[in-house]
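FYI, in this note's numbering the residues of the sequence shown are 4 to 417.
Every residue gets a Cβ at the ideal spot worked out from N, C-alpha and C, and that includes glycine.
Keep in mind it's a predicted model, so treat the numbers as computed, not measured.
Each remark here refers to the structure printed beneath this line.
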Amino acid sequence: MAEPEPNKEARGMPDGRALFQRVRCREHTRAGFGWSFAKDAEEAGAQAAKQAVASMGAPGLAIAYCTQGYDARALLNGLNQALPGVPVLGGTSMKGIATPEGFKSGNGGVVGVLALSSPAWRFQVAGAPLGGSPVEAGRIAAEHAKVNGRLPHAYLMAVTAGEEEAVLRGIARAAPAVPVIGGSAAFDSEPQCARVFSNAESYQSGVVLAGILSELPLGCATGCGYHASSKRGRVTRAEGRRIYEIDGRPAAEVYVEWAGFTSGAMTGTELAVASVSMPLGHLDPASGFPIARHPVRIHEDGSLSTGAISQTGEELILLHATVDDLLAEVGRVVRTAMSRAGLRKGEVSAVYLVHCAGRLGYILPRADEITRQIVEAAGQVPFLGHFSFGEQGYLTSRVNAHGNLLLSALVLGT
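Pasting the structure below:
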């Protein structure tokens with residue numbers, strides 16, 4: 004298809020970078036969603052894919068997420084048989100998926116597929132193993148996920164947990180300032196089950212990108228939902244994702260004091276669960292966005308491990324949120340993405356949501372309200388939400404950041 008002619012009235016992100024260009028496009032856009040509880044991985048992939056495309060024909064991209072327990076290669080076989088030649092991006096989600104019919108979870112597992120099709124959308128999917136250089140893996144994936152050699156308007160990212168910041172640095176080398184909407188592969192109880200998918204490939208340690216070039220409105224947003232408290236301090240010693248000291252004191256001691264936890268919340272999974280409502284955070288210097296960092300482990304030396312890198316010298320604050328706060332943020336992040344694309348309710352064709360798995364555990368009895376929030380914001384549209392062990396999103400300061408306990412959303416126009 005011929006490239007669209009530039010239009011003087013270009014919409015984009017608040018920083019002024021055009022995220023798409025307004026053109027006259029009369030071709031119909033289509034999106035579909037399907038899901039399956041089938042226990043056999045190949046059957047589940049085929050069922051979900053066939054349901055997603057039942058009324059839309061061949062899509063240009065399939066986004067597929069499943070819970071642990073499915074054999075990745077068998078699942079991909081089912082997807083590829085049902086969607087021959089269609090690029091696939093996806094991975095594993097914790098506990099379940101968010102769908103137009105509510106939160107879906109089952110003992111045997113669940114698979115969800117969001118299919119997208121329009122002459123006005125073009126996609127390219129590429130993956131790379133992290134290997135010894137996550138930075139280089141990010142660069143290679145971003146280079147290969149360009150659309151006909153052009154920088155896309157956005158990347159969707161599926162990545163295995165642990166090196167997300169390095170992967171984002173690599174993406175920035177190949178595609179500076181291109182928004183990334185991403186989530187890290189998750190699992191319920193078996194870490195070896197975490198995977199990301201690229202077409203017919205499955206990675207236990209890798210990154211997959213889907214480049215999107217669109218002639219139609221496209222918007223993305225990153226959400227938090229936490230409030231800043233008055234408790235804050237300066238990191239005086241940190242290495243990677245381990246904070247040793249805050250204001251010259253053992254980091255764990257400072258955090259537990261701020262949060263008001265008893266000693267029972269200081270070991271094992273108890274800390275990871277208790278800290279969801281009161282994580283640490285760092286304010287992005289340019290935008291003021293609170294990038295949450297989830298405390299997950301306290302070490303014998305008094306240091307504290309989180310799910311994102313902290314830098315010596317930066318300020319950390321204690322964040323806090325209720326269940327109502329976290330649920331309301333789902334609707335807000337979708338509406339923000341719509342606003343950035345100039346879309347109103349009824350003008351959205353599909354929504355893709357990355358939702359932190361830790362947040363899900365905190366709101367689990369009310370998980371169906373995720374669907375209500377999306378529907379109230381965007382209308383009755385196909386969408387897929389999965390639950391990740393880390394989130395990547397584009398901030399208004401024109402940087403892509405990795406954090407924890409966050410949301411990242413993409414909306415596509417009609």
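Where residue i sits in the DSSP three-state scheme
i, result
"residue 401", "coil"
"residue 97", "coil"
"residue 272", "helix"
"residue 240", "strand"
"residue 341", "helix"
"residue 67", "strand"
"residue 3", "Residue 3 is absent from the model: the chain starts at 4 and stops at 417."
"residue 229", "coil"
"residue 318", "strand"
"residue 375", "helix"
"residue 55", "helix"
"residue 279", "coil"
"residue 221", "strand"
"residue 293", "strand"
"residue 253", "strand"
"residue 84", "helix"
"residue 417", "coil"
"residue 347", "coil"
"residue 335", "helix"
"residue 198", "coil"
"residue 383", "coil"
"residue 258", "helix"
"residue 113", "coil"
"residue 26", "In this prediction, residue 26 scores a pLDDT of 35, lower than 50, which makes its location untrustworthy; no coordinate-derived value is stated."
"residue 49", "helix"
"residue 326", "helix"
"residue 61", "coil"
"residue 79", "helix"
"residue 164", "coil"
"residue 370", "coil"
Closest by C-alpha distance to residue i, when choosing among the options
i, options, result
"residue 386", "71, 139 and 119", "119"
"residue 346", "195, 64, 77 and 222", "222"
"residue 272", "212, 297, 291 and 293", "297"
"residue 91", "199, 103 and 293", "199"
"residue 284", "236, 60, 330 and 300", "236"
"residue 191", "391, 396, 403 and 401", "391"
"residue 287", "319, 259, 301 and 258", "319"
"residue 165", "153, 157, 227 and 186", "186"
"residue 389", "106, 85 and 253", "106"
"residue 254", "315, 195 and 231", "315"
"residue 158", "365, 50, 300 and 66", "66"
"residue 348", "375, 357, 381 and 317", "381"
"residue 289", "42, 370, 402 and 104", "402"
"residue 137", "46, 181, 171 and 322", "171"
Own chain residues within Cβ distance below 6 Å of residue i, not counting five before or after
i, result
"residue 150", "125, 127, 214 and 216"
"residue 245", "306 and 308"
"residue 174", "141 and 145"
"residue 413", "184, 223 and 355"
"residue 340", "222, 223, 224, 412 and 414"
"residue 86", "52 and 65"
"residue 54", "37"
Contacts around residue i, its chain only, beta-carbon distance under 7 Å, and the 5 residues preceding and following it disregarded
i, result
"residue 83", "203"
"residue 40", "109, 111 and 113"
"residue 177", "142, 145 and 146"
"residue 408", "279, 282, 295, 297, 359, 361 and 362"
"residue 259", "269"
"residue 366", "326, 329 and 330"
"residue 208", "132, 133 and 163"
Where the beta strand (DSSP E) through residue i begins and ends
i, result
"residue 132", "124-132"
"residue 312", "Where residue 312 is concerned, there is no enclosing beta strand (DSSP E), given that its DSSP letter is neither H nor E."
"residue 247", "245-249"
"residue 284", "283-286"
"residue 387", "386-391"
"residue 173", "Per DSSP, residue 173 belongs to no beta strand (DSSP E); it is in the alpha helix (DSSP H), 167-177."
"residue 181", "Here residue 181 belongs to no beta strand (DSSP E), and DSSP marks it neither H nor E."
"residue 34", "33-39"
"residue 106", "105-107"
"residue 204", "204-206"
"residue 150", "Looking at the DSSP string, residue 150 is not in any beta strand (DSSP E), and its letter there is neither H nor E."
8 Å CB neighbourhood of residue i in its chain, flanking five on each side removed
i, result
"residue 251", "239"
"residue 205", "75, 76, 79, 198 and 199"
"residue 168", "311, 312 and 405"
Where the alpha helix (DSSP H) containing residue i begins and where it ends
i, result
"residue 363", "360-366"
"residue 189", "From DSSP, residue 189 is part of no alpha helix (DSSP H); its letter is neither H nor E."
"residue 141", "137-147"
Meets three-Cβ-pair contact criterion under 8 Å: the region 59-73 and the region 97-113:
yes
Counting beta carbon pairs with one atom in the region 237-248 and one in the region 128-141, are three or more of them shorter than 8 Å?
no
Under 8 Å, with one C-beta from each stretch per pair, do the region 323-333 and the region 395-402 reach the 3-pair mark?
no
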